[in-house]
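**Q** Quick one: structure below, then a few questions.
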């Protein structure tokens with residue numbers, strides 16, 4: 001998604017959220033049909049009434065008659081759940097987030113966010129460069145009609161929460177990549193949504209900075225009990241952060257497999273448990289990429 005689209009979404013207070021269903025192990029997916037199935041539960045499925053967000057039979061093509069990017073996706077994410085979404089490039093992960101955010105309309109199916117409008121964080125921080133860190137966070141507060149007199153204090157509190165206390169007066173060019181993503185996270189939190197969608201937010205960062213931000217995101221998630229949908233290409237990142245890891249097929253995108261991550265938090269990306277599960281997931285991801293030649 002472009003920076004201009006991202007900025008427009010933030011200014012409008014738009015959010016997102018999503019996750020999926022599939023394959024093996026304990027997990028969840030969603031089927032929000034009005035009838036109750038008496039057969040075996042599909043891998044990844046969860047009760048329809050226990051959802052922060054829900055996708056039912058979602059299919060999407062960018063133009064009429066074109067091959068679908070997503071096909072019949074059923075997804076459920078519970079309140080307070082952290083779900084990571086993996087898949088080959090072009091499989092529709094970002095499109096899925098855009099549909100949940102309301103930035104795209106599905107060709108078929110239903111997108112529901114019972115928990116309320118989600119917030120959205122991008123790979124590009126999408127900060128307005130002529131504003132300070134504090135003013136960028138205040139944009140989201142203004143969209144929520146927070147009184148002007150309260151915005152500066154609230155923005156300072158949010159920046160403190162992401163370990164940027166005292167940095168609010170700095171402009172974007174004065175911030176490192178990691179600091180910019182912290183500001184972007186603070187701005188997403190300013191939307192005060194129970195659902196946070198994250199589209200590869202740490203992909204451009206160096207390994208050490210990414211590791212630090214993993215810790216900070218895990219802390220914020222634990223404190224606020226957000227429902228998080230986190231898109232990534234990094235398998236170890238997914239295992240480190242997520243309670244569930246979902247694998248998407250190549251186009252058309254479907255949720256084809258799921259892993260429950262039964263490892264205590266906080267986790268380290270180099271820990272044996274993370275490494276072991278990451279190896280298993282990587283093998284399935286490689287197999288999916290090989291089958292489709294991408």
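In UniProt numbering, the protein residues as written are 1 to 294.
Even for Gly, the Cβ is constructed at its ideal location relative to N, Cα and C.
#1: So does the region 213-228 actually touch the region 141-157, counting three or more Cβ pairs closer than 8 Å?
#2: Mind checking if residue 112 is an interface residue toward chain D, Cβ cutoff 8 Å exclusive?
#3: On the three-pair Cβ rule with 8 Å, is the region 131-145 touching the region 210-217?
#4: Would you kindly check if the distance between the Cβ of residue 241 and the Cβ of residue 62 is under 8 Å?
#5: Go through the region 170-203 residue by residue and report every complete run of the beta strand (DSSP E) that reaches 3 residues or more, in order.
#6: Mind reading off the beta-carbon distance from residue 252 to residue 58? Whole number of angstroms is fine, and I expect it under 8 Å.
#7: In the DSSP assignment, find the alpha helix (DSSP H) that holds residue 262 and state where it starts and stops.
#8: Please work out which residues of its chain come closer than 7 Å, Cβ to Cβ, to residue 193, disregarding the five sequence neighbours upstream and downstream, and give them in chain order.
#9: If distances are taken between C-alpha atoms only, which option among 286, 153, 188, 248 comes closest to residue 75?
#10: Please determine if the region 174-193 and the region 204-213 are in contact, where contact requires at least 3 C-beta pairs separated by less than 8 Å.
#11: Does the distance from the CB of residue 106 to the CB of residue 172 come in under 8 Å?
#12: Could you tell me if residue 278 is buried or exposed, where buried requires 16 or more neighbouring beta carbons within 10 angstroms of its beta carbon?
#13: How about residue 254 and residue 113: are their beta carbons less than 8 Å apart?
#14: May I ask you to list the residues that DSSP assigns as paired with residue 82?
#15: Under three-state DSSP, which class holds residue 208?
#16: Please report the distance separating the alpha-carbon of residue 109 from that of residue 55.
#17: Within a Cβ cutoff of 7 Å, which residues of the same chain sit near residue 91, ignoring the five residues on either side of it in sequence?
#18: Out of 227, 203, 64, 156, which one is the CA nearest neighbour of residue 51?
#19: Where residue 236 and residue 169 are concerned, what is the direct C-alpha to C-alpha distance, given to the nearest angstrom?
#20: Starting from the Cα of residue 80, find the closest Cα among 288, 243, 64, 127 and give me that residue.
#21: Applying the criterion that 16 or more other CB atoms from any shown protein chain within 10 Å of the CB defines a buried residue, is residue 256 buried or exposed?
#22: What do you get for residue 264, buried or exposed, if any count of 16 or more other CB atoms within 10 angstroms of its CB means buried?
#23: State yes or no: is the C-beta of residue 203 within less than 8 Å of the C-beta of residue 123?
#24: Counting C-beta neighbours from all protein chains within 10 Å, is the total for residue 95 16 or more, i.e. buried, or is it exposed?
#25: Within 10 Å of its beta-carbon, does residue 280 have 16 or more other beta-carbons around it, so buried, or fewer, so exposed?
#26: Please classify residue 182 as buried or exposed, where buried requires at least 16 other C-beta atoms within 10 Å of its C-beta.
#27: Looking at the structure shown, is residue 214 part of a helix, part of a strand, or coil, going by DSSP?
#28: Just the C-alpha distance for residue 246 and residue 84, rounded to the nearest angstrom, thanks.
#29: Using DSSP with H/G/I as helix, E/B as strand and the rest coil, what is residue 112?
#30: For the alpha helix (DSSP H) that residue 59 lies in, which residues bound it at each end?
#31: When the distance is taken between beta carbons, is residue 159 closer than 8 Å to residue 133?
#32: Which term fits residue 291, buried or exposed, when burial requires 16 or more other beta carbons within 10 angstroms of its beta carbon?
**A** Judging by the given coordinates:
#1: no
#2: Reference to chain D is not applicable here, since this structure consists of a single protein chain.
#3: no
#4: Here the question's residue 62 lines up with position 62 in the chain shown. Here the question's residue 241 lines up with position 241 in the chain shown. Taking 8 Å as the Cβ cut-off, residue 62 and residue 241 do not qualify as a contacting pair.
#5: 195-199
#6: Locating residue 252 in the chain shown gives position 252, where the first residue counts as 1. Locating residue 58 in the chain shown gives position 58, where the first residue counts as 1. About 11 Å separates the two Cβ atoms, so there is no contact after all.
#7: Working through the chain shown from its first residue, we reach residue 262 at position 262. Note, residue 262: premise wrong, no alpha helix (DSSP H); not H, not E.
#8: Counting from 1 along the chain shown, the entry for residue 193 is found at position 193. Same-chain partners within the cutoff: 15, 116, 117, 118, 119.
#9: In the chain shown, the residue the question calls residue 75 occupies position 75. It is 248.
#10: yes
#11: The residue labelled residue 106 in the question sits at position 106 within the chain shown. The residue labelled residue 172 in the question sits at position 172 within the chain shown. No.
#12: What you label residue 278 is simply residue 278 of the chain shown in a count that begins at 1. The residue in question, residue 278, is buried, as its Cβ has 16 or more Cβ neighbours within 10 Å.
#13: In the chain shown, the residue the question calls residue 254 occupies position 254. In the chain shown, the residue the question calls residue 113 occupies position 113. No, the Cβ-Cβ distance between residue 254 and residue 113 is not below 8 Å.
#14: By 1-based counting over the chain shown, the position of residue 82 is 82. According to DSSP, which records beta bridges pairwise, residue 82 is partnered with 228.
#15: For the purposes of this step, residue 208 is identified with residue 208 of the chain shown, where counting begins at 1. Helix at residue 208.
#16: Counting from one through the chain shown, the residue named residue 109 turns up at place 109. Counting from one through the chain shown, the residue named residue 55 turns up at place 55. Cα to Cα, residue 109 sits roughly 8 Å from residue 55.
#17: Taking the chain shown and counting its residues from 1, one reaches residue 91 at position 91. Same-chain partners within the cutoff: 248, 249, 250, 251, 253.
#18: Taking the chain shown and counting its residues from 1, one reaches residue 51 at position 51. The shortest C-alpha separation from residue 51 is found at 227.
#19: Counting from one through the chain shown, the residue named residue 236 turns up at place 236. Counting from one through the chain shown, the residue named residue 169 turns up at place 169. Whole-angstrom Cα-Cα distance: 35 Å.
#20: For the purposes of this step, residue 80 is taken as residue 80 along the chain shown, with counting starting at 1. Taking only the C-alpha atoms, the option nearest residue 80 is 243.
#21: Within the chain shown, numbered from 1, the residue matching residue 256 stands at position 256. Buried.
#22: Here residue 264 corresponds to residue number 264 of the chain shown, with the count starting at 1. Burial call: exposed.
#23: Position 203 of the chain shown, counting from 1, holds the residue named residue 203. Position 123 of the chain shown, counting from 1, holds the residue named residue 123. A contact, by the Cβ cut-off of 8 Å.
#24: As a working note, residue 95 is residue 95 in the chain shown. Looking at its Cβ environment, which holds 16 or more other Cβ atoms inside 10 Å, residue 95 is buried.
#25: As a working mapping, residue 280 is identified with position 280 in the chain shown. Exposed, since its Cβ has fewer than 16 Cβ neighbours within 10 Å.
#26: Stepping through the chain shown from its first residue, residue 182 is reached at position 182. Buried is the call here.
#27: Within the chain shown, residue 214 is the residue found at index 214, counting from 1. In this structure, residue 214 counts as helix in the three-state DSSP scheme.
#28: Translated into positions along the chain shown, residue 246 becomes position 246. Translated into positions along the chain shown, residue 84 becomes position 84. Approximately 6 Å between the Cα atoms of the pair.
#29: Taking the chain shown and counting its residues from 1, the one referred to as residue 112 is at position 112. It is a strand residue.
#30: Residue 59 sits at position 59 when you count from the first residue of the chain shown. Residue 59 -> not in any alpha helix (DSSP H); beta strand (DSSP E) instead, spanning 53-60.
#31: Counting from one through the chain shown, the residue named residue 133 turns up at place 133. Counting from one through the chain shown, the residue named residue 159 turns up at place 159. Cβ atoms of residue 133 and residue 159: closer than 8 Å.
#32: The count along the chain shown starts at 1 and reaches residue 291 at position 291. The residue in question, residue 291, is exposed, as its Cβ has fewer than 16 Cβ neighbours within 10 Å.
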